[in-house]
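Chemist:
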Amino acid sequence: MSNVVLEAKQIRKTFTDGKTDVDVLKGLSLQVEAGQCISIVGASGSGKSTLLHVLGGLDRPSSGEVFLCGQRFDTLSETTRGDLRNLHLGFVYQFHHLLPEFSALENVAMPLMLRKGSQFSEVKKKAEYLLERVGLSHRLTHKPGELSGGERQRVALARALVTNPKVMLADEPTGNLDRQTAMTIFELLNDLKKEFNMAMLIVTHDEQLAQTADKIMHMQDGLWKTP
């Protein structure tokens, strides 16, 4: 049985700017195995975030194929892609994207509450556990505006984990944090990866974070760069 949980084959992505076509991804292939952590580094504009969006089903490739847990992902309808994202993927961004009107507990519980047949008592218990796991058991009822930047990012981590994803996609997860807080998030990411036995794909400018991965891949102008 294949150990690959996320795979891209010859991904290309072209955007049209007026009358000009801009090739952002130029034929990238990638395999992510269960439990593996890969970091993708490269200058701004190299296509890192676009690749993550395509892999996460947030955007379709212009050509090529994406497979999630063995299923062709990029050709599915928007609704079906959304269901698979909710089932298999967790997302963490540089900016936490928490819903400001909801508490930390409610933000973490939200992805599970979107599933049909969810039992609130079970969802609440899991959200509470994850917030405790990221050191925020004393912040359950606090809204994002009442939390520090590091605390908001830890809530975002808990939210990404609440569905037990096979793969976490992290786009500059420490880019908006000071060094000390970033180091705390680094360590937490590694601990949670092991605890939940998930694969992780991290886009980052931070060489220190990149070095914590099992494998580092460099992007340049929409292609993999050979070190």
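For the sequence shown, UniProt numbering assigns the number 1 to the initial residue and increments by one for each residue that follows.
Yeah, the Cβ is synthetic: ideal placement off N, Cα and C, and Gly gets one too.
A quick note: this is a predicted structure, and the numbers were derived from the prediction, not measured.
Please report the residue range of the beta strand (DSSP E) in which K166 lies.
Modeler: Element bounds for K166: n/a, residue is neither H nor E.
Chemist: Just confirm the distance between the C-beta atoms of L99 and G57, as a whole number of angstroms; I'd bet it's less than 8 Å.
Modeler: Going by Cβ atoms, the distance from L99 to G57 rounds to 21 Å, so no, they are not a contact pair.
Chemist: Could you give the first and the last residue of the continuous alpha helix (DSSP H) run that contains V123?
Modeler: Note, V123: alpha helix (DSSP H), 120-133.
Chemist: Quick one: give me the first and last residue of the alpha helix (DSSP H) that R159 is part of.
Modeler: Residues 149-161.
Chemist: Rounded to whole angstroms, what's the CA-CA distance from A199 to Q36? Just pull it up for me.
Modeler: Straight-line Cα distance between these residues: approximately 5 Å.
Chemist: Less than 8 Å between C-beta atoms, sequence neighbours within five positions excluded: which residues of the same chain meet that for G175?
Modeler: The residues are Q94, T204, H205, D206.
Chemist: Do three or more CB pairs link the stretch 106-118 to the stretch 49-67 at distances below 8 Å?
Modeler: Too few Cβ pairs lie closer than 8 Å, so no.
Chemist: Could one say the Cβ of E101 lies closer than 8 Å to chain B's Cβ atoms, at least one of them?
Modeler: Checking the listed chains, one finds no chain B in this structure; it contains a single protein chain.
Chemist: Does the pairing of the stretch 46-60 with the stretch 19-31 give three or more beta-carbon distances under 8 Å?
Modeler: As far as the Cβ criterion goes, the stretch 46-60 touches the stretch 19-31, which means the pair count is three or higher.
Chemist: Pick from S148, L87, A34: whose alpha carbon is nearest that of V162?
Modeler: Closest option to V162, Cα to Cα, is L87.
Chemist: From R159, L114, R115, pick the residue whose C-alpha is nearest to that of A127; which is it?
Modeler: For A127, the nearest C-alpha among the options comes from R159.
Chemist: Could I get the ranges of all uninterrupted beta strand (DSSP E) runs contained in the stretch 11-58, with 3 residues as the minimum, in chain order?
Modeler: Runs of the beta strand (DSSP E) inside the stretch 11-58: 20-33, 37-41.
Chemist: Between the C-alpha atoms of A170 and L201, what's the straight-line distance to the nearest angstrom?
Modeler: A170 and L201: Cα-Cα distance of roughly 6 Å.
Chemist: Can the beta-carbon of V54 be found closer than 8 Å to that of L157?
Modeler: Cβ atoms of V54 and L157: not closer than 8 Å.
Chemist: For V32 and L6, which I take to be in contact (beta-carbon distance under 8 Å), what is that distance rounded to the nearest angstrom?
Modeler: V32 to L6, Cβ: 4 Å. Contact.
Chemist: Label G150 either buried or exposed according to how many other C-beta atoms from any shown protein chain fall within 10 Å of its C-beta, with 16 as the threshold for buried.
Modeler: Buried.
Chemist: Measure the alpha-carbon distance for T226 versus G42 and round it to whole angstroms.
Modeler: Those two C-alpha atoms are separated by around 12 Å.
Chemist: Classify D74: buried if its beta carbon has 16 or more other beta carbons within 10 angstroms, exposed otherwise.
Modeler: Buried, since its Cβ has 16 or more Cβ neighbours within 10 Å.
Chemist: Would L52 and A104 qualify as a contact pair, given that the criterion is a beta-carbon distance under 8 Å?
Modeler: Their beta carbons are not under 8 Å apart, which means L52 does not touch A104 by this criterion.
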